[in-house]
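Have a look at the structure below before the remarks.
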Amino acid sequence: MLFARASRFEDRSGGRSSIRLTSGGAMENVFFIVGPTAVGKSEVAAEVARLCDGEIVSADAFQVYAGLDVLTAKPDQAIRSRVPHHLIGTIALSETMSAERFRVAAISAIDDIRSRNKVAFVAGGSGMYVQALTHGLSPLPPADSALRRKLDQNSAPELLAMLREVDPATTASIDPFNKHRLVRALEICLLTGRPLTEIRVRKPPATEPTGVLLLRNRAELYQRIDERVVAMFANGVVTEV
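Using the working numbering, count along the sequence shown one by one with no gaps and you end on 241.
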């Protein structure tokens with residue numbers, strides 16, 4: 001059974017999110033539909049958007065890439081034909097997508113939707129991308145390719161040890177096996193001379209977007225994930241990659 005929980009997207013520090021999507025107005029006529037993998041976001045979002053004369057902005061870190069439709073579980077044509085979808089298959093696999101790039105593209109799509117007096121529905125499960133819209137982003141330095149190459153020569157345990165020396169607090173919360181995030185955390189610390197935790201505390205304030213968090217009981221959700229994986233192989237995911 002599918003459950004929906006209303007949410008105001010309160011941040012963990014106790015303040016409520018507040019962000020002005022554009023210089024022209026607050027986050028109006030934007031509704032978030034979020035939840036874990038395989039919970040049914042695409043189906044729900046498409047039907048609700050159809051009933052509300054809206055359009056969907058995808059907040060998925062992988063579906064934004066062109067190709068790999070099966071592997072990334074993009075909404076099928078039957079779902080996408082109900083209402084317009086934005087930010088699905090829009091960039092090449094050779095390009096890099098970031099939370100900041102997503103935020104800029106999503107704001108542009110939302111502005112376009114609102115300019116036509118439609119309701120924008122942001123649907124997806126990439127938490128960092130959703131948070132980029134609901135809470136904004138901390139003022140972080142751009143990537144330094146030379147520094148990244150140097151850091152990338154180290155193993156994950158070595159990177160974790162290096163990070164522990166400059167930012168113990170982040171070390172305690174970061175995934176110790178996620179080398180990409182370890183490199184980025186170290187890169188920020190080295191470029192700014194400040195711990196990442198200190199920079200994040202100073203993130204811009206946010207507004208009060210509304211939406212629903214879709215939930216299912218664990219057994220049902222796991223079954224849906226298993227069925228999705230089986231369907232991926234049946235639909236040729238191996239040849240796709």
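Glycine residues also receive a C-beta, built at the ideal position from the N, C-alpha and C atoms.
Bear in mind the structure is a predicted one, so any value in this text is a computation, not a measurement.
The beta-bridge partner set that DSSP reports for residue 33 consists of 123, 212.
Of the candidates 225, 241, 231, 240, the residue whose Cα lies closest to the Cα of residue 40 is 225. Residue pairing by DSSP puts residue 56 in a beta bridge opposite 85, 121. Judged by beta-carbon spacing, residue 132 lies beyond the 8 Å limit of residue 55, meaning their Cβ atoms are not closer than that value.
In this structure, the straight-line span from the alpha carbon of residue 81 to that of residue 123 is close to 16 Å. Residue 94 counts as exposed, since fewer than 16 other beta carbons sit within 10 angstroms of its beta carbon. Taking a 10 Å sphere around the C-beta of residue 162, we find 16 or more other C-beta atoms and assign the residue as buried. In the DSSP annotation of this structure, the continuous segment of the alpha helix (DSSP H) that includes residue 162 starts and ends at 156 to 166. Rounded to whole angstroms, the gap between the alpha carbons of residue 73 and residue 228 is 8 Å. Judged by DSSP secondary structure, residue 185 falls within the alpha helix (DSSP H) whose first and last residues are 179 to 192.
Between the segment 94 to 107 and the segment 55 to 67, the count of C-beta pairs closer than 8 Å reaches three or more; the two stretches touch. Distance from the CA of residue 200 to the CA of residue 138, rounded to the nearest whole angstrom, comes to 6 Å. Bridge pairing for residue 65: 91 [DSSP]. Distance from the Cα of residue 190 is smallest, within the candidate group 101, 43, 107, 142, for 142. If you check the CB distance, residue 140 and residue 174 do not come in under 8 Å. Nearest C-alpha to residue 235 among 52, 156, 71, 154: 71. Setting aside the 5 residues that flank it on each side, residue 186 is surrounded in the same chain by 151, 159, 162, 163, 166, each with a C-beta closer than 8 Å to its C-beta; the list follows chain order. Judged by DSSP in its simplified three-state form, residue 39 adopts coil rather than helix or strand. The criterion of a C-beta distance shorter than 8 Å is satisfied by residue 106 and residue 87. The beta carbon of residue 49 sits closer than 7 Å to those of 55, 56, 83, 121, all from its chain and outside the five residues before and after it, given in chain order.
Cβ-Cβ separation between residue 126 and residue 59: approximately 6 Å, consistent with a contact (criterion under 8 Å).
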